[in-house]
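Undergrad: When you line the sequence shown up against mature numbering (1 follows the signal peptide of the UniProt record, and there is no 0), it's residues -16 to -1, 1 to 555, in that order.
Sending over a structure as structure tokens; questions will come in a sec.
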Amino acid sequence: MHFLLVIACIVIPSLGVDLPSHTAKCLHLPEDREWPTSHEWKQLNTSVGGRLIAGLPLAHACHGTEYDHAQCQQIQANFTLPLTYYQDPVNVMSPYWLNDTCDPLTSQNASCVLGNMPSYAINVQDAKSVQAGLKFAQRKNIRLVIKNTGHDYIGRSNGKGSLSLWTHNLKTMQIINYKSSAYTGKALKAGAGVQFFEANQFAADNGVRVVGGYCPSVGMVGGYIQGGGHGPLASSYGLAADNTLEFEVVTVDGRHTVASPTQNSDLYWALSGGGAGTYAIVLSATVKAHQDGPTAGAAFEFENTDENTYFAGIGAFHQWLRSATKVPGFASSWGFNNQAFQLNVATLTNGTQKDMETVMAPLLKSLKALNITVLQYAAKSYDNYHAQYEAYTFPPEIYATNNSLGGRLIPGTLIDNNLSGLIETYKTVVKDSSFYNRISGISVNVTHARVGNTAASNSVLPAWRDALITLNFGVGFSPDADSAELQASQVKVNQWQTLFRNLTPGGGAYMNEATFDDPTWKEDYFGSNYNRLLKIKQKYDPKFVLWQHTSVGFDAYWQLDGRGALCRVKS
């Protein structure tokens, strides 16, 4: 890949340069005297088989002496597309964390620095390369982060002056016959770098299907599973974390081991919903593989031709969801702004076209009674899940990354008791002059009764079990937004997140689609599981080598200083 720079090409200041020293209570940055020497980085590169990569600003070819017109045009054209980021070892698809430190749309003479992105990355191929990275980071007192695809909006995969473990190229997949006290049947063992467009195709080719996300470019095993993981099949089989049988991991002390309900069971519990990049480095996960079969789909939209009627239609849709989600295998993805509402896809596993039409009929009747014209409605059945998924899901290359994202889980009881309050909050958001994108919702039914497990099975946020909808909303901005605009977008998203939090006291949010600076992050992202998760964190990572925003123990050991270095908050 043209943007990768091998360690042998890196120029590092010699020890003769008068660099500042920094306190031993802080992790070192490149400008510190204690930063590893060129020779030490070369030794690390040798130990990982030449797979150490120097981090480069994404738009380095657009600035300074490295300017390359053709490369710059390419990055300008693809700056907001996921593919740009998941093929890059250090950069993440979050403009807020990129922080306008190297913008491809500014002049050639504009500043271009790494900013919040890692200084180096190890292209992880096996446990040994992870062990080498762990040992080096701890011995040299530098920050360590983990990056898979870079679908990260809360700053977990980046860090100034850090060494990144880049797991994206762990692409192995295998269908196995799995047997344990908890589950016997087909399973998919997938490397940490496997993405859903790969997993779904592989599963279909083998006559099975696995729980995955609506976005095909998301990594299966990283933040998705470890954060809970919703998707079209969640209402059929549970969240991704509910389907995980075991993890292959490297612990912070360098042990290459397995975490399952019978081996390192506390670590397994934490990894199954307690947040990614916190307890151990995951190399692969083994998940339940379910028998494939016909899957029905449906979609439609309606426009805002009259405000009262339009929002009455959105209210009718929410009331219908209360009954529709009780149908086994039904799920939906939808969204709206102030112009139109779209049901992007309704999914009914093991259903026919007629079955889907039966589920949809009460909603269509309600909308007709409101004199709402439904546009482009169609229901159809497909031979298998992958065919249905491909028919309704946008290809990975068209999803835009230029937005700030927030979210909230909406319990079904809110629809019963305060639908009017929810609708008024929707109006406040979509009428906001800052609003550029849309409110999006995913309907779910992942109660313990539906999934077939208990609260003790894993560390999934308890609020998921009562949720009807996982809601997300974002402020979109232009690709050339400056840091002030990025800051303002984050402030706005937090204001909206607070509005929805006030509607749902004691609830929560999907940690992968929420804000990094949520003041009630412990309650919202971990709930009653937090204290147990913290004990597990302290057991497996007592020195908090793995640290990130809003992760368990985030405020217990480190804090960022004004330079961007991690410094101890207690000894």
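Note that CB positions come from ideal geometry on N, CA and C, so glycine has one too.
This one's a predicted model, so the numbers in the text were calculated from it and none came from an experiment.
1. Between residue 130 and residue 154, which are expected to be in contact by the criterion C-beta below 8 Å, what is the C-beta distance as a whole number of angstroms?
2. I'd like the list of long-range same chain contacts for residue 115, defined as Cβ closer than 8 Å, with 5 residues on each side in sequence excluded.
3. Classify residue 140: buried if its beta carbon has 16 or more other beta carbons within 10 angstroms, exposed otherwise.
4. Between the alpha carbons of residue 356 and residue 136, how many angstroms are there, rounded?
5. What first and last residue would you give for the beta strand (DSSP E) that runs through residue 551?
6. Just how far apart, CA to CA, sit residue 362 and residue 278?
7. Taking the C-alpha atoms as reference points, what is the distance between residue 470 and residue 83?
8. How many Å lie between residue 173 and residue 183 at the Cα?
9. Give me, in chain order, the residues of the same chain whose beta-carbon lies closer than 7 Å to that of residue 31; leave out the 5 immediate sequence neighbours on both sides.
10. According to DSSP, is residue 62 helix, strand or coil?
11. From the DSSP output, read off the bridge partner residues of residue 444.
12. Output the boundary residues of the beta strand (DSSP E) element that contains residue 282.
13. Can you give the beta carbon distance from residue 320 to residue 411, rounded, assuming they're within the 8 Å contact cut?
14. May I have the straight-line CA-CA distance separating residue 303 from residue 187, to the nearest angstrom?
15. First and last residue of the beta strand (DSSP E) that includes residue 229?
16. Which same chain residues end up closer than 6 Å to residue 222 when comparing Cβ atoms and leaving out the 5 residues on each side of it in sequence?
17. Put residue 429 into one of helix, strand or coil per three-state DSSP.
18. Please state if the CB of residue 179 and the CB of residue 204 are separated by a distance shorter than 8 Å.
19. What residue range is occupied by the uninterrupted beta strand (DSSP E) comprising residue 457?
20. If we ignore side chains and look at the alpha-carbon of each, how far apart do residue 566 and residue 229 end up?
21. Looking at the strands, I want to know which residues DSSP matches up with residue 158.
22. Give me the residue from 292, 344, 393 with the minimum Cα distance to residue 310.
23. Going by the CB atoms, is the gap between residue 313 and residue 220 shorter than 8 Å?
24. Considering only residues of the same chain and omitting the five flanking positions on each side of residue 511, which have a CB-CB separation below 8 Å?
25. Can you list, in chain order, the residues of its chain with a C-beta nearer than 6 Å to that of residue 81? Leave out the 5 residues immediately preceding and following it.
26. Going by DSSP, what residues sit across from residue 266 in a beta bridge?
27. Tell me the DSSP bridge mates of residue 9?
28. Short check: CB of residue 258 to CB of residue 536, under 8 Å?
29. State yes or no: is the C-beta of residue 42 within less than 8 Å of the C-beta of residue 86?
30. For residue 507, is the classification buried or exposed, using 16 other Cβ atoms within 10 angstroms of its Cβ as the cut-off for buried?
31. Would you call residue 541 buried or exposed, if buried means 16 or more other Cβ atoms sit within 10 Å of its Cβ?
32. As an exercise, report each continuous alpha helix (DSSP H) stretch of at least 4 residues that is fully enclosed by the stretch 346 to 419, in chain order.
33. Using CA atoms only, rank isn't needed, just tell me which of 369, 477, 396, 514 is closest to residue 276.
34. In the DSSP output, which residue or residues are listed as bridge partners for residue 318?
35. When the Cα atoms are used, what is the spatial distance from residue 454 to residue 300?
36. Excluding the five sequence neighbours on either side, which residues of its own chain have a C-beta within less than 6 Å of the C-beta of residue 216, listed in chain order?
TA: Taking the structure as given:
1. The sequence position of residue 130 within the sequence shown is 146, counting from 1. The sequence position of residue 154 within the sequence shown is 170, counting from 1. Not really, about 12 Å apart at Cβ, beyond 8 Å.
2. Walking along the sequence shown from the start, residue 115 turns up at place 131. 234, 238, 240, listed in sequence order.
3. Mapped onto the sequence shown, residue 140 falls at position 156. It counts as buried.
4. Translated into the one-based positions of the sequence shown, residue 356 becomes position 372. Translated into the one-based positions of the sequence shown, residue 136 becomes position 152. Across the structure, residue 356 and residue 136 are spaced so that their CA atoms are roughly 38 Å apart.
5. Within the sequence shown, numbered from 1, the residue matching residue 551 stands at position 567. Segment 550 to 552, the beta strand (DSSP E) holding residue 551.
6. As a working mapping, residue 362 is identified with position 378 in the sequence shown. As a working mapping, residue 278 is identified with position 294 in the sequence shown. So the two alpha carbons sit approximately 17 Å from each other.
7. If you number the sequence shown from 1, residue 470 lands on position 486. If you number the sequence shown from 1, residue 83 lands on position 99. Between the C-alpha atoms of residue 470 and residue 83 there is a straight-line separation of about 7 Å.
8. Looking up residue 173 in the sequence shown gives position 189. Looking up residue 183 in the sequence shown gives position 199. If I take the Cα positions, the gap works out to 10 Å.
9. The residue given as residue 31 occupies position 47 in the sequence shown. For residue 31, where only same-chain residues beyond five positions count, the Cβ hits under 7 Å are 116.
10. The residue you call residue 62 lines up with position 78 of the sequence shown. For residue 62, the three-state secondary structure derived from DSSP is helix.
11. As a first step, residue 444 is located in the sequence shown; it is residue number 460 there, counting from the start. Bridge partners of residue 444: none, in fact.
12. Taking the first residue of the sequence shown as position 1, residue 282 is located at position 298. Segment 279 to 287, the beta strand (DSSP E) holding residue 282.
13. Indexing the sequence shown from 1 puts residue 320 at position 336. Indexing the sequence shown from 1 puts residue 411 at position 427. Contact doesn't hold; Cβ gap of about 11 Å is too wide.
14. Within the sequence shown, residue 303 is the residue found at index 319, counting from 1. Within the sequence shown, residue 187 is the residue found at index 203, counting from 1. For residue 303 and residue 187, the gap between their C-alpha atoms comes out near 35 Å.
15. The count along the sequence shown starts at 1 and reaches residue 229 at position 245. Residues 228 to 234.
16. By one-based count along the sequence shown, residue 222 stands at place 238. Only 430, 435 meet the Cβ criterion.
17. Within the sequence shown, the letter at position 445 stands for residue 429. In the structure shown, the three-state DSSP call for residue 429 is coil.
18. Residue numbering aside, residue 204 sits at position 220 when the sequence shown is read from its first letter. Residue numbering aside, residue 179 sits at position 195 when the sequence shown is read from its first letter. In terms of Cβ geometry, residue 204 and residue 179 form a close pair [threshold 8 Å].
19. Here residue 457 corresponds to residue number 473 of the sequence shown, with the count starting at 1. Per DSSP, residue 457 belongs to the beta strand (DSSP E) from 451 to 460.
20. Nothing can be reported for residue 566, as the shown portion of the chain is limited to -16 through 555.
21. Within the sequence shown, the letter at position 174 stands for residue 158. DSSP lists 173 as the beta-bridge partner residues of residue 158.
22. Against the sequence shown, residue 310 aligns to sequence position 326. Nearest of 292, 344, 393 to residue 310, Cα basis: 344.
23. Walking along the sequence shown from the start, residue 220 turns up at place 236. Walking along the sequence shown from the start, residue 313 turns up at place 329. With contacts defined as CB atoms closer than 8 Å, residue 220 and residue 313 qualify as a contacting pair.
24. Looking up residue 511 in the sequence shown gives position 527. Correct list, in chain order: 445, 446, 447, 492.
25. Start at 1 with the first residue of the sequence shown, and residue 81 comes out as number 97. Excluding residues within five positions, the ones whose Cβ falls inside 6 Å are 100, 139, 142.
26. Looking up residue 266 in the sequence shown gives position 282. Note: residue 266 sits in a beta bridge opposite 233.
27. What you label residue 9 is simply residue 25 of the sequence shown in a count that begins at 1. Per DSSP, none; premise fails for residue 9.
28. For the purposes of this step, residue 258 is identified with residue 274 of the sequence shown, where counting begins at 1. For the purposes of this step, residue 536 is identified with residue 552 of the sequence shown, where counting begins at 1. Yes.
29. As a working note, residue 42 is residue 58 in the sequence shown. As a working note, residue 86 is residue 102 in the sequence shown. Result yes, Cβ atoms of residue 42 and residue 86 sit closer than 8 Å.
30. Here residue 507 refers to the residue found at position 523 when the sequence shown is read from its first residue. A residue is called buried once 16 or more other Cβ atoms fall within 10 Å of its Cβ, and residue 507 is buried on that count.
31. Taking the sequence shown and counting its residues from 1, one reaches residue 541 at position 557. Residue environment: residue 541 is assigned as buried (16 or more neighbouring CB atoms within 10 Å of its CB, all protein chains considered).
32. Correct list: 369 to 376, 396 to 414.
33. Here residue 276 is taken as the residue at index 292 of the sequence shown, counted from 1. Among 369, 477, 396, 514, the Cα nearest to that of residue 276 belongs to 369.
34. Along the sequence shown, read from residue 1 onward, the residue named residue 318 stands at position 334. In DSSP, residue 318 forms a bridge with 327, 425.
35. Taking the sequence shown and counting its residues from 1, one reaches residue 454 at position 470. Taking the sequence shown and counting its residues from 1, one reaches residue 300 at position 316. If I take the Cα positions, the gap works out to 18 Å.
36. The residue you call residue 216 lines up with position 232 of the sequence shown. Residues of the same chain with a CB within less than 6 Å of the CB of residue 216, apart from the 5 flanking positions on each side, are 315, 331 in chain order.
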